[in-house]
Amino acid sequence: MSIFQKAQFFTTVNHLRDLPPTRCEVAFVGRSNAGKSSAINTLCNRTRLAYVSKTPGRTQHINFFDLGQERFLVDLPGYGYAEVPEAIRTHWVELLGRYLQTRDSLVGLLLIMDSRHPLKELDWKMIEFFHVTQRPVHILLSKADKLSRQEQQKVLSSVKKELADYPNISIQLFSSSKKTGTEEVARVVEDWFAACPLPDEENFDAPENFDDPETFGG
Numbered sequence: 073m074s075i076f077q078k079a080q081f082f083t084t085v086n087h088l089r090d091l092p093p094t095r096c097e098v099a100f101v102g103r104s105n106a107g108k109s110s111a112i113n114t115l116c117n118r119t120r121l122a123y124v125s126k127t128p129g130r131t132q133h134i135n136f137f138d139l140g141q142e143r144f145l146v147d148l149p150g151y152g153y154a155e156v157p158e159a160i161r162t163h164w165v166e167l168l169g170r171y172l173q174t175r176d177s178l179v180g181l182l183l184i185m186d187s188r189h190p191l192k193e194l195d196w197k198m199i200e201f202f203h204v205t206q207r208p209v210h211i212l213l214s215k216a217d218k219l220s221r222q223e224q225q226k227v228l229s230s231v232k233k234e235l236a237d238y239p240n241i242s243i244q245l246f247s248s249s250k251k252t253g254t255e256e257v258a259r260v261v262e263d264w265f266a267a268c269p270l271p272d273e274e275n276f277d278a279p280e281n282f283d284d285p286e287t288f289g290g
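Numbering (my numbering), first residue to last: 73 to 290.
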């Protein structure tokens, strides 16, 4: 059974200082409407574990899903939605950057990009935010079913070429509606979690303490 199928909702936070203590976590991030919530639901074999909205930009908090053994999936706010006020959009990006760069228990990042529109400006910014940590990124080129097989291979090859200078980044095609690519994602995440130390209460980190009073929500 896939590690994702044990997922249970744990908590929602909207301040970085309220992040719960975890041993190991893997985060999902992506542009608004790239298919992030659909990917989480498909991987976890649920229909409403992560909220899917036809209105981009609805996820404005950090949602944690418990996988057991102090391992968590983290659903980060989508970024880049044009109708969100510029000040809020900039704030989201800054908070995402702080989380990606400072969260000690974050062992890997799943970056969701619409396969028809990959590597936009803010996608590159997320990659750069996380690159400084030297931790791995696995890119899911989502909605691949909307492309022909030839188009799929073309975009996969193109994205790999553009990211050739980033050895910690791996890339795959993914489709939530067709449920293709799920096993590959599961293998990647299981390998990341396998590298985590076993639970040890004495060495279990306390929650991060941030002073930023602002929130992801309005």
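For every residue, glycine included, the Cβ atom is placed at its ideal position computed from N, Cα and C. Please read these numbers as outputs of a predicted model, since none were measured by experiment.
Exposure of residue i, with buried meaning 16 or more beta-carbon neighbours within 10 Å
| i | result |
| --- | --- |
| Val-204 | exposed |
| Lys-215 | buried |
| Asp-294 | Absent from the model: residue 294. The displayed extent of the chain is 73 to 290, so no value can be given. |
| Ser-110 | buried |
| Asp-147 | buried |
| Arg-95 | buried |
| Ser-247 | buried |
| Glu-97 | buried |
| Ala-106 | buried |
According to DSSP, residues forming a beta bridge with residue i
| i | result |
| --- | --- |
| Tyr-151 | Arg-103 |
| Ser-242 | His-210 |
| Met-185 | Leu-213 |
| Phe-144 | Glu-97 and Asp-138 |
| Ser-247 | Thr-252 |
| Leu-178 | Glu-97 |
Three-way DSSP call (helix, strand, coil) for residue i in this model
| i | result |
| --- | --- |
| Ser-74 | coil |
| Thr-84 | strand |
| Asn-117 | coil |
| Val-260 | helix |
| Gly-253 | coil |
| Ser-230 | helix |
| Asp-237 | coil |
| Leu-191 | coil |
| Leu-168 | helix |
| Ala-266 | helix |
| His-133 | coil |
Rounded straight-line distance, which links the Cα of residue j to that of residue i
| i | j | result |
| --- | --- | --- |
| Arg-130 | Leu-219 | Confidence in Arg-130 is poor, its pLDDT being 47 and thus under 50, which makes the residue's placement unreliable; the coordinate value appears in the next sentence. One C-alpha to the other measures close to 26 Å. |
| Arg-143 | Gly-180 | 12 Å |
| Thr-162 | Gly-150 | 12 Å |
| Gln-80 | Cys-116 | 9 Å |
| Ala-310 | Phe-137 | Since the displayed the chain opens at 73 and closes at 290, residue 310 lies outside it and no answer follows. |
| Gln-222 | Val-257 | 22 Å |
| Ile-75 | Ser-229 | 29 Å |
| Ala-236 | Arg-207 | 16 Å |
| Gln-141 | Val-165 | 30 Å |
| Pro-92 | Leu-145 | 12 Å |
| Glu-255 | Leu-178 | 21 Å |
Close-in-space but distant-in-sequence residues of the same chain around residue i (CB under 6 Å, 5 per side omitted)
| i | result |
| --- | --- |
| Ile-243 | Ile-211, Val-231 and Lys-232 |
| Gly-169 | Phe-201 |
Close-in-space but distant-in-sequence residues of the same chain around residue i (CB under 7 Å, 5 per side omitted)
| i | result |
| --- | --- |
| Thr-119 | Asn-113 |
| Gly-102 | Lys-108, Gly-150, Leu-183, Ile-184 and Met-185 |
The ligand FAD heavy atom lying under 7 Å from the CB of residue i
| i | result |
| --- | --- |
| Lys-251 | You won't find the ligand FAD in this model; it holds no ligand whatsoever. |
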